[in-house]
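Using the working numbering, count along the sequence shown one by one with no gaps and you end on 443. We treat Cβ as the ideally placed atom computed from N, Cα and C, and that holds for glycine. Beneath this line is the structure, given in structure tokens, with notes to follow.
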Amino acid sequence: MSENASEHQSNQSRRKFMKQSLATLATTGLVVNPALTSGAFAASTELIKVGLVGCGGRGTGAAAQTLRADSNVELVALADAFGDQLEQSYQNLKKTDVQDRVKIDAEHKFVGFDAFQKLIDSDVDLVILATPPHFRPQHLQACIDAGKHVFCEKPVAVDAPGIRSVLKTTAEAKKKNLTIVSGLCWRYETGMQQMVDKIHNGGIGDIVALHSTRYLGGVAKMVKRQPEWSDMEYQMRNWYYYTWLSGDFNTEQFVHELDKQSWVMGEYPVSCYSTGGRQTRTGEDYGQIFDHFSTVYEYANGVKFVASTRHQLGCSSMFVDTVSGTEGTATLMKYQIEGKNPWKGARRRTNMHQLEHDAMYKALRNGEVINNGEYMANSSMMGIIARMSAYTGKTLTWEQAMNSQEDLSPAKYDMAMSLPEPRVATPGVTPFV
């Protein structure tokens, strides 16, 4: 058999597998495992008590969306490292259309590094995890150990040890029939589900290449340091700009594009090489993260995924994902296929952030279990392996990266402690660990 014929057969087999698998999926496009569980809330009138860990903007938004998803859900506890952040979140939630179900007394406002455990140990049924991603593996494990269902924001780790922990916890959640819904919300967006379904059913033939670009201006500048702040508090309040807390911006934000293309491919790459650096976000005002990355991922069948992202003010913005096939090209964000089988879907009309919560409570009410743990971990790893490659200047295999021993955790968690200012990575000098 020729090399081209072999590759064609491989692509056909993958597409056949995808088609068969999709036939078993729920309308969310995600694997839903029917299983009546002791933690199911089959009666629509049964109250589900929710706690929020991580009271920033995304966490506050997720809490409101979770309340809108089911009329018999109450938010009964908040946890955050900082009391002022927690109180701001609480006040904002009390101004929403679901304020009547924000029922949090003073005894259920937990502050500090151990706040997550205090919340888990309180009388909650489901926990929303929305802290900086560094803490996600520890918090997710604690939730599953305690038998709690979880809504888990993206990404879910900042290093390989964290990813390995999440995968282990995911397996444990499956044994316990506990739900883990991921904040990788494009998988719940109905237009994108139709778009990906068209590709999986041969709409562009065999996939030959993928490309994603996300060029934006970036996020807000770092919060000015106050005289009374320790190093830990300063970095925690500016978590986005420190790799140990955010994973760098390609992991924290570009993960959506990495996940969309992983969903399209139905598998993860075998290797990657990446470059990146800091050209506009320089100096102490921008911590240690890069402001641009360009990465090439390679899959087992030779297909390449070119992924490029930047956060640089004053530059052109661009937001596009394309998938090229033997019979056409799909432009994901336009819901469009050009080629042998032209197709144009409706522009996005659904609130994907809301839909993921809707699906979660629908499953709980039906005695079903959703577990998004594996893809949320592996898609997060897509960002991590690219960062590792860009920081070190090395081509890395998926196996190498997954087995990395680099643990970005501090020696301990103490808000008063001193921390060294993390160094900006230098490709060719920064080692792979």
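(message) On the criterion of 16 or more Cβ atoms from any shown chain inside 10 Å, does A116 qualify as buried, or is it exposed?
(response) So A116 ends up on the exposed side.
(request) Just tell me which of I58, Q75, V63 has its CA closest to the CA of H363. (result) Comparing Cα positions, the closest option is Q75.
(request) With a 10 Å radius around its C-beta and 16 neighbouring C-beta atoms as the bar for buried, classify D169 as buried or exposed. (result) By the beta-carbon neighbour count (other beta carbons within 10 angstroms, threshold 16), D169 is buried.
(message) Between L374 and T189, how many whole angstroms is the CB-CB distance? I'm expecting something under 8 Å.
(response) Indeed they touch by this definition, with Cβ atoms about 6 Å apart.
(request) May I have the straight-line CA-CA distance separating Y251 from S419, to the nearest angstrom? (result) Taking the CA atoms as reference points, Y251 sits about 15 Å from S419.
(message) Give me, in chain order, the residues of the same chain whose beta-carbon lies closer than 7 Å to that of K184; leave out the 5 immediate sequence neighbours on both sides.
(response) For K184, where only same-chain residues beyond five positions count, the Cβ hits under 7 Å are N381.
(request) Mind checking which residues open and close the beta strand (DSSP E) that includes Q236? (result) Here Q236 belongs to no beta strand (DSSP E), and DSSP marks it neither H nor E.
(request) Rounded to whole angstroms, what's the CA-CA distance from H118 to A310? Just pull it up for me. (result) Approximately 50 Å, taken between the alpha carbons.
(request) Could you tell me which residues DSSP pairs with Q346 in its beta bridges? (result) Looking at the DSSP output, Q346 bridges to T341, K354.
(request) Please state if the CB of Q298 and the CB of R433 are separated by a distance shorter than 8 Å. (result) A contact, by the Cβ cut-off of 8 Å.
(request) Please report the residue range of the alpha helix (DSSP H) in which R174 lies. (result) Bounds of the alpha helix (DSSP H) holding R174 are 170-186.
(request) Might you give, ordered along the chain, the residues of its own chain that have their beta carbon closer than 7 Å to the beta carbon of M386, omitting 5 neighbours on each side? (result) Excluding sequence neighbours, M386 sits near C162, K164, V166, S192, L194.
(request) Consider the Cβ of G212: report whether some Cβ of chain D lies at a distance smaller than 8 Å. (result) Any reference to chain D falls outside this structure, which holds one protein chain only.
(message) Using the Cβ count rule (16 or more neighbours within 10 Å means buried), how would you classify N248?
(response) Per the 10 Å Cβ criterion, buried.
(request) Measure the Cβ-Cβ separation of T180 and G383 and say whether it is below 8 Å. (result) Going by beta carbons, T180 and G383 fall inside the 8 Å limit.
(request) Return the Cβ separation of H149 and V63 in integer angstroms, given the expectation that the two are a contact with Cβ distance under 8 Å. (result) Correct: roughly 6 Å between the Cβ atoms.
(message) Between which two residues does the alpha helix (DSSP H) holding C153 run?
(response) DSSP places C153 inside the alpha helix (DSSP H), whose first and last residues are 146-155.
(request) Just mark M202 as buried or exposed, buried being the case when its beta carbon has 16 or more other beta carbons within 10 Å. (result) If you draw a 10 Å sphere on the C-beta of M202, you find 16 or more other C-beta atoms in it, and that means buried.
(message) For L365, which residues in the same chain have their Cβ closer than 6 Å to its Cβ, ignoring the five residues on either side in sequence?
(response) Correct list, in chain order: Y198.
(request) Would you kindly report the start and end of the unbroken alpha helix (DSSP H) that includes I299? (result) Note, I299: premise wrong, no alpha helix (DSSP H); not H, not E.
(request) Decide if D90 is buried, meaning its Cβ has at least 16 other Cβ atoms within 10 Å, or exposed. (result) Per the 10 Å Cβ criterion, buried.
(message) Here's the rule: buried if 16 or more other CB atoms are within 10 angstroms of the residue's CB, otherwise exposed. What is A152?
(response) So A152 ends up on the buried side.
(message) Just to confirm my understanding: we take G338, look at its own chain, exclude 5 residues before and 5 after, and list those with CB closer than 8 Å. What are they?
(response) G213, I214, G215, I347, E348, G349, K350, N351, P352.
(request) From the DSSP output, read off the bridge partner residues of I5. (result) Because the chain in this structure spans residues 11 to 443, residue 5 falls outside the shown range and cannot be described.
(message) Based on DSSP bridge pairs, tell me the residues matched to F120.
(response) Its beta-bridge partners are A89.
(message) Beta-carbon within less than 7 Å of T436's beta-carbon, same chain only, minus the 5 sequence neighbours each way: which residues are those?
(response) Taken in chain order, the list of residues that qualify is empty.
(request) Find out if the Cβ-Cβ distance for the pair H221, V316 is shorter than 8 Å. (result) Going by C-beta atoms, H221 is nearer than 8 Å to V316.
(message) Using DSSP's beta-bridge definition, name the partner residues of R320.
(response) Beta-bridge pairing links R320 to Y225, H302.
(message) Under 8 Å: do the region 77-92 and the region 126-135 share three or more Cβ pairs, one atom per stretch?
(response) Contact holds: three or more Cβ-Cβ distances are below 8 Å.
(request) Can you tell me which of the three DSSP states F442 falls into? (result) The answer is coil: DSSP assigns F442 none of H, G, I, E or B.
(request) Taking the CB atoms as reference points, tell me whether N260 and F303 lie closer together than 8 Å. (result) Closer than 8 Å, so yes.
(message) Between Y251 and the ligand COA, is there a pair consisting of the residue's CB and a ligand heavy atom that are separated by less than 7 Å?
(response) As far as ligands go, the structure on display features none, and thus does not contain the ligand COA.
(request) Specify the secondary structure class of T405 as computed by DSSP and reduced to three states. (result) The three-state secondary structure of T405, taken from DSSP, is coil.
(message) Just to confirm the assignment: which complete alpha helix (DSSP H) runs, minimum length 4, are found wholly within the region 240-266?
(response) Whole alpha helix (DSSP H) segments, 4+ residues: 241-247, 253-256, 259-262.
(message) Alpha carbons only, please: which of S54, K113, P142 is nearest the one belonging to R68?
(response) Selected option, being the one with the closest Cα: P142.
(request) For I130, name the three-state secondary structure that DSSP assigns. (result) Secondary structure of I130 (DSSP, three-state): helix.
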